[in-house]
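At position 220 of the sequence shown the residue is numbered 481 (our numbering), and the sequence of numbers has no breaks. Beta carbons: idealized from backbone N, C-alpha and C, even for Gly. Predicted model, so just to flag it, every value in this text is computed and none were measured.
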Amino acid sequence: MNSREERVKWFMEDRFGLFIHWGLYSIPARQEWLRSIERLSIEEYQPFFEEFNPTHYNPREWAKAAKAAGQKYAVLTAKHHDGFCLFDSQLTEYKATNTPAGRDLIKEYVEAFRAEGLKVGLYYSIIDWYHADYPKYGDRHHPMRDNEEYKGEETNFANYIEYFHGQVKELLTNYGKIDILWFDFSYDEMTGEKWEASKLVEMIRSMQPDILIDNRLGGNIMSAEPEIYAGDFFSPEQIIPPGGIVNANHQPIPWEACITLNDHWGYHSKDLNYKSPKQVIRTLVECVSKGGNLLLNVGPNVKGIIPPQSLVILQEVGKWMGQNGESIYGCTAADLPKPEWGRYTQKGKFLYAHVFDRGIGPIYFAGLKDRIKKARLLADGSELKVEVPWMAEQYSDIENGAFITLTGAELPDEKDTVIELELID
262 MNSREERVKW FMEDRFGLFI HWGLYSIPAR QEWLRSIERL SIEEYQPFFE EFNPTHYNPR
322 EWAKAAKAAG QKYAVLTAKH HDGFCLFDSQ LTEYKATNTP AGRDLIKEYV EAFRAEGLKV
382 GLYYSIIDWY HADYPKYGDR HHPMRDNEEY KGEETNFANY IEYFHGQVKE LLTNYGKIDI
442 LWFDFSYDEM TGEKWEASKL VEMIRSMQPD ILIDNRLGGN IMSAEPEIYA GDFFSPEQII
502 PPGGIVNANH QPIPWEACIT LNDHWGYHSK DLNYKSPKQV IRTLVECVSK GGNLLLNVGP
562 NVKGIIPPQS LVILQEVGKW MGQNGESIYG CTAADLPKPE WGRYTQKGKF LYAHVFDRGI
622 GPIYFAGLKD RIKKARLLAD GSELKVEVPW MAEQYSDIEN GAFITLTGAE LPDEKDTVIE
682 LELID
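Given below as C-alpha cells:
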C-alpha cells in the first residue's frame, strides 16, 4: 500500500478543485441544511423527491467550466445529510433513479469529468436524516432532534453502519477509479470508531489503495502517529489557516480549504453575495502560499445549471490561471516571511511573488540581494530588471534586499500581478 506522501503527490501538484453541492434541496433553494434548520419531517420534504427532474443536467458542461477555470479535480455530493442519493444504490429507494430524473447522476458525472481529464471525487455524508436507524431525538443536528414523538425510539445503529459501509462499497465498485472520498462529518460522540472507521478505511484501501480520504471520519491527523482513519488531508471549512497546518512533529500536513462562492453550499436563489474573481484568486494564492489547496464550491439549481454568476467568476479566474498557473500548480510555501505587498509561492528554484499592493516606489524583496538570477512578469514573460535605486543605498537596514520597479501607478494586474524570480542555486 502506498504511503500518504505518495498518495497525495498529485493532489499537492494540482492545488485547485471544484466542489459541487447538488440535491433535492436545490428545489426549495433555501440551502442544503433546510431539513435540519426548518425541522422538516420526511413527509414534508417528500414533495421535492417526487418532482426532482434536472432537465438541463449536463455534467460535461460542468467539467468544461472547471477545466477552463484551471481546476484539476472535482468533488460532487453523492449523498448529503438528507440521505438522498444521486447514485443508483441498491441499498435504498431514496435515490435519483426513483425520481422523475430516472438516471444515475453520479455515473454521468464521473464519465464527464474523466473525459475532460479531471480527477474525480465523491462527497458522502456519514450522517443521514432519512435512514430509520440513524439516531433522531437528542441528536445535535437531526431535524427531529426535539420532536417528542421520537423520544425513547429504539434504533439499531449497527444496521445504519452496515448501510453506510455498503454504500461506500458501491461507490468504489461501480464507477471505476475514484480519486477522492470526501466524508462529512463527525461530531460529539459520533466520531471515529462510532462509525467503525478503522474497518471502513481498511475496506476502502483494499478496494482503491490510492484514493485520498479527508479527515472528517474523526481521529487526529495532526498527531505524530495518526489513526488509520485520520485521513490523508486536513479540511478547514470557510477559513484559511493562519500559518498552514503542521503535525505534532512540526511537519507540514496536506490540507485543502473548502470555500463557497457565495454564502451557501447548496443553491440559494436569494443569495447573490458572490465573491469577486480577485477574492477567489487571492484565496487560492493564500492557500498555496501556506502549502494548501483550494476546493471552490458551486451550487447548481434544480435544473442542473450552475448559476451564471458562478460561471462568470470561474471564467475570470481561468483567464488569470491561463497566464499565471505556473505560480500555483506544483507550488508550495516559500521559506521566507510573508511580504507586506502580497504572498510568495515556490517551486524549486522558481520563487513567485504575488503582488497585491502596488504601493509607492519599487517592490522590495527582503533577503534576496544577489540571490535572483532572472526576473520576469509571469503573465507575458517580459523581463524585469533587478536593481538598487540610488536612494536605497543610504539605508543599511535594507541592504540585504533586492528591488524591482514596476512602471506606472497601477499594477499590470490588479487582481494579482505575479513576478517569477529564478533564484541562483
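Distance between residue j and residue i (C-alpha atoms, nearest Å)
i	j	result
I439	A670	49 Å
E299	D445	21 Å
I288	Y411	27 Å
E517	L556	7 Å
H615	P673	12 Å
L352	A595	48 Å
K340	I685	50 Å
H511	E274	21 Å
D365	I281	16 Å
F310	E454	32 Å
L478	I387	8 Å
Q428	S459	16 Å
E577	D677	12 Å
D400	R406	5 Å
S571	I659	44 Å
A529	R291	Contrary to the premise, residue 529 reads as His rather than Ala in this sequence. Between H529 and R291, the C-alpha separation is close to 5 Å.
I489	E463	8 Å
N661	A653	11 Å
L629	T668	21 Å
K564	P320	12 Å
I566	S484	42 Å
Residue i - DSSP class collapsed to helix/strand/coil
i	result
I514	coil
G479	coil
Y411	helix
P503	strand
I441	strand
K397	coil
E644	strand
Q607	strand
E454	helix
I472	coil
E488	coil
E654	helix
E498	strand
I659	helix
I520	strand
Pair within 7 Å by beta-carbon distance, residue i and residue j
i	j	result
L379	Y334	yes
W738	G382	The shown model of the chain, from 262 to 686, leaves out residue 738, and the question about it has no answer.
E681	L639	yes
S588	Y613	yes
F374	L285	no
I665	V647	yes
G505	K430	no
Y395	Y370	no
L645	R632	no
N508	R276	no
E473	H426	With the sequence shown as reference, residue 473 is identified as Leu, and Glu is not the correct amino acid for it. Result no, Cβ atoms of L473 and H426 do not sit closer than 7 Å.
I482	G492	yes
C519	V549	no
D343	W390	yes
A362	N314	yes
S496	D475	yes
N558	W526	yes
A376	L575	no
L545	K536	no
F626	A663	yes
W602	G620	yes
Limits of the unbroken beta strand (DSSP E) element including residue i
i	result
E683	T678 to L684
H403	That residue, H403, is in no beta strand (DSSP E); it is neither H nor E in DSSP.
T434	Where T434 is concerned, there is no enclosing beta strand (DSSP E), although the alpha helix (DSSP H) it sits in stretches over F418 to T434.
V549	Not the beta strand (DSSP E): V549 falls in the alpha helix (DSSP H), residues P538 to S550.
V336	Y334 to K340
Y613	F611 to V616
A357	From DSSP, A357 is part of no beta strand (DSSP E); its letter is neither H nor E.
A636	I633 to L638
I665	A663 to I665
F626	I624 to F626
Unbroken alpha helix (DSSP H) run spanning residue i, endpoints
i	result
I367	L366 to A376
R466	A458 to M468
K599	First-last for K599: undefined, no H or E at that position.
K325	P320 to A329
K380	Premise fails: K380 lies in the beta strand (DSSP E), K380 to S386, not in any alpha helix (DSSP H).
F309	I303 to E312
Residue i Cβ short of 6 Å to the ligand MN heavy atom set
i	result
T338	What this structure holds is no ligand at all, so the ligand MN is not there to describe.
Give the list of continuous alpha helix (DSSP H) stretches no shorter than 4 residues that lie fully inside the region 269-294. Qualifying alpha helix (DSSP H) stretches, in chain order: 270-275.
At 3 residues or longer, what runs of the beta strand (DSSP E) sit wholly inside the region 552-603? List check, beta strand (DSSP E) in window: 553-559.
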